[in-house]
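For reference, the structure is listed below as structure tokens.
Residue numbers (the numbering used here), protein chains in the order written: chain A, 1 to 135; chain B, 1 to 358.
What follows is the structure in structure tokens.
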């Protein structure tokens with residue numbers, strides 16, 4: 001696990017299937033329990049991703065947002081992007097070419113600048129819920 | 001009497017070398033195999049209901065070609081994929097010679113053997129063609145042109161250069177000659193094809209051909225009937241009443257479109273494929289016997305079984321999760337579509353997607 005200030009960069013496993021999720025999620029979950037978690041999932045090693053992996057990403061994003069944080073993706077391969085788009089979840093995540101860019105993006109727009117009762121917050125939660133149900 | 005020899009499959013290394021020896025390096029067409037149907041030439045992939053090979057056989061028959069021999073380069077692709085069932089029906093008539101499956105190095109010999117066989121039967125002219133491109137060509141006119149020129153060899157050209165289509169006098173071919181190499185080296189009379197040509201060098205060209213066919217930019221017409229302007233369906237296609245098909249689009253033989261689906265922007269769903277609940281298919285081709293799962297967003301892609309080629313990103317993804325995409329299981333009895341069309345589009349006649357196929 002790499003850390004960069006308050007932003008945590010986690011390297012996703014090569015196989016993001018049910019087994020991969022079972023190993024990875026216990027490492028990530030404690031980080032989501034703090035106030036305003038800022039997580040970057042580095043996808044550069046990911047070679048395989050299935051619906052279990054996508055569901056885990058959605059679950060983590062939902063948990064992060066509940067605590068006024070965010071989860072961003074970095075270094076997605078074109079193949080992973082195709083799968084996320086196919087499963088209609090690509091638009092839910094902010095994605096960056098590298099982990100550094102993703103980390104920098106957290107500092108570019110302070111989370112405090114966005115009021116917590118903004119209407120889009122509820123909408124995004126609704127969309128994630130629907131996506132999780134579908135997947 | 002007219003004859004044709006249709007060569008199916010990629011060019012062999014030996015032929016390429018002959019080509020180089022004949023000083024035609026630049027004219028060597030690239031291999032046009034589908035990246036998603038391993039080893040299958042793109043001309044053998046079913047689009048808008050029939051493959052390019054099948055359509056060519058039909059065109060030759062309409063042009064009055066009495067005998068057609070197919071020489072199939074055994075490139076490792078399944079035989080059924082190379083010459084599909086519709087082509088076999090066309091070849092089933094007594095005047096046509098059954099497809100010959102030969103190893104790549106024997107293609108040239110087989111072509112010569114077929115030419116000599118036709119020569120013995122007293123044919124007037126022989127069309128020799130390697131099916132590598134989709135060509136809108138008036139074959140009758142090409143034979144007439146060849147007759148008028150009075151030369152031994154006529155080769156088809158388009159604005160981009162030579163095509164692998166020749167009309168030859170049988171007398172020109174002698175025993176032991178490598179017909180293909182000699183044809184490439186010959187100085188032919190040029191017959192210019194004024195119609196649409198798509199060289200099918202990349203799967204992207206296959207998508208372009210689908211779009212051009214659906215928008216009437218070429219002579220490739222979808223199979224089946226146009227149930228409303230720009231929407232074609234082949235027999236046995238089933239579209240749920242709550243699905244939306246935006247023209248132009250093609251739904252192939254026995255294909256099923258589930259509830260809340262959206263098929264749009266020149267998409268084609270080929271035979272026995274299934275698009276499940278709530279999925280949107282935009283500017284994409286679903287090749288035969290493919291299943292596309294629930295609630296997906298498919299755009300700018302070609303799907304074949306569990307392989308997805310995204311043309312925008314230029315990547316092929318093999319998806320192991322059968323809930324997402326997979327090879328569709330087609331019940332045996334549904335392969336023969338003898339029953340009347342059961343189709344409902346925005347009407348009360350609805351055939352919901354069967355659970356058994358999921």
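All C-beta atoms, glycine included, are put in the ideal place defined by N, C-alpha and C. Computed from a predicted structure; not experimentally measured.
Using a Cβ cut-off of 8 Å (strictly closer), state whether residue i contacts chain A.
i, result
"residue 258(B)", "no"
"residue 320(B)", "yes"
"residue 313(B)", "yes"
"residue 224(B)", "no"
"residue 295(B)", "yes"
"residue 324(B)", "yes"
"residue 317(B)", "yes"
"residue 298(B)", "yes"
"residue 268(B)", "no"
"residue 306(B)", "no"
"residue 310(B)", "yes"
"residue 334(B)", "Residue confidence for residue 334(B) is low, a pLDDT of 46 falling below 50, so the modelled location carries little weight; the figure read from the coordinates is stated next. Judged by the 8 Å Cβ criterion, residue 334(B) is not in contact with chain A."
With a CB to CB cut of under 7 Å and the five nearest residues on each side skipped, what residues in its chain are close to residue i?
i, result
"residue 24(B)", "Residue placement at residue 24(B) is flagged as unreliable, the pLDDT there being 35, under the threshold of 50; the coordinate-derived value follows with that caveat. Around residue 24(B): 184."
"residue 111(B)", "5, 7, 71, 128, 179 and 180"
"residue 36(A)", "67, 68, 69 and 111"
"residue 208(B)", "198"
Measuring alpha carbon to alpha carbon, tell me which of the options ends up nearest residue i.
i, options, result
"residue 7(A)", "73(A), 58(A), 62(A) and 40(A)", "40(A)"
"residue 105(A)", "16(A), 88(A) and 71(A)", "71(A)"
"residue 92(A)", "67(A), 22(A) and 55(A)", "55(A)"
"residue 422(B)", "271(B), 190(B), 140(B) and 289(B)", "Beyond the ends of chain B as shown, which are 1 and 358, falls residue 422(B); an answer cannot be given."
"residue 323(B)", "36(A), 10(A), 13(A) and 52(A)", "52(A)"
"residue 82(A)", "56(B), 298(B) and 153(B)", "298(B)"
"residue 146(B)", "113(B), 189(B), 135(B) and 175(B)", "189(B)"
"residue 215(B)", "114(B), 133(B), 229(B) and 251(B)", "229(B)"
"residue 210(B)", "50(B), 244(B) and 41(B)", "50(B)"
"residue 325(B)", "245(B), 279(B), 204(B) and 315(B)", "279(B)"
"residue 245(B)", "256(B), 231(B) and 238(B)", "231(B)"
"residue 148(B)", "167(B), 239(B), 205(B) and 186(B)", "167(B)"
"residue 271(B)", "241(B), 313(B), 329(B) and 204(B)", "329(B)"
"residue 120(B)", "173(B), 160(B), 251(B) and 225(B)", "173(B)"
"residue 256(B)", "157(B), 243(B), 275(B) and 263(B)", "275(B)"
"residue 191(B)", "137(B), 240(B) and 202(B)", "137(B)"
Within its chain, find whatever has a CB closer than 6 Å to the CB of residue i; leave out the 5 residues flanking it on each side and keep chain order.
i, result
"residue 267(B)", "249, 281 and 284"
"residue 15(A)", "48"
"residue 12(A)", "41, 43 and 46"
"residue 80(A)", "43, 46 and 49"
Apart from the five residues on each side of it in sequence, which residues of its chain come closer than 8 Å, Cβ to Cβ, to residue i?
i, result
"residue 212(B)", "196, 198, 218 and 220"
"residue 277(B)", "258, 259, 260, 261, 294, 295 and 353"
"residue 60(B)", "4, 6, 68, 127 and 139"
"residue 327(B)", "289, 290, 291, 305 and 306"
"residue 125(B)", "2, 3, 143, 146, 147, 167, 168, 169 and 170"
"residue 247(B)", "228, 229, 230 and 231"
"residue 28(A)", "10, 39 and 60"
"residue 23(A)", "13"
Quick one: is residue i near chain B, going by C-beta distance under 8 Å?
i, result
"residue 87(A)", "yes"
"residue 78(A)", "yes"
"residue 46(A)", "no"
"residue 82(A)", "yes"
"residue 68(A)", "no"
"residue 50(A)", "yes"
"residue 38(A)", "no"
Mind reading off the beta-carbon distance from residue i to residue j? Whole number of angstroms is fine, and I expect it under 8 Å.
i, j, result
"residue 371(B)", "residue 164(B)", "Residue 371(B) is absent from the model: chain B starts at 1 and stops at 358."
"residue 43(A)", "residue 75(A)", "5 Å"
"residue 66(B)", "residue 116(B)", "That pair is no contact at about 17 Å."
"residue 286(B)", "residue 306(B)", "Contact doesn't hold; Cβ gap of about 12 Å is too wide."
"residue 152(B)", "residue 169(B)", "5 Å"
"residue 300(B)", "residue 308(B)", "Residue 300(B) to residue 308(B), Cβ: 11 Å. No contact."
"residue 222(B)", "residue 56(B)", "Not really, about 17 Å apart at Cβ, beyond 8 Å."
"residue 200(B)", "residue 317(B)", "Actually they do not touch by this definition, with Cβ atoms about 22 Å apart."
"residue 45(B)", "residue 206(B)", "6 Å"
"residue 58(A)", "residue 89(A)", "6 Å"
Looking at the ligand MG, does it come within less than 7 Å of residue i, judged from the CB to the closest heavy atom?
i, result
"residue 38(A)", "Questions concerning the ligand MG fall outside what the structure shown contains, since it holds no ligand whatsoever."
Unbroken stretches of the beta strand (DSSP E), 3 residues or longer, contained in the stretch 7-47 of chain A = The stretch 7-47 of chain A contains, as complete beta strand (DSSP E) runs of 3+ residues, the segments 7-11 and 38-42 (chain order).
Segments assigned beta strand (DSSP E), at least 3 residues, entirely inside the stretch 196-245 of chain B | DSSP runs (the beta strand (DSSP E)) wholly in the stretch 196-245 of chain B: 225-228 and 231-233.
Let me know the beta strand (DSSP E) ranges lying completely inside the stretch 270-324 of chain B, each 3 residues or longer, listed in chain order.
-> Fully enclosed beta strand (DSSP E) runs of 3 or longer: 280-282, 290-292, 297-299, 301-304, 307-310 and 315-318.
Scan the stretch 103-137 of chain B and note each continuous beta strand (DSSP E) run of 3 residues or more that stays entirely inside, going in chain order.
-> Listed in chain order, they are 125-131.
Fully enclosed by the stretch 154-199 of chain B, which beta strand (DSSP E) runs are 3 residues long or longer?
-> Whole beta strand (DSSP E) segments, 3+ residues: 161-168 and 189-192.
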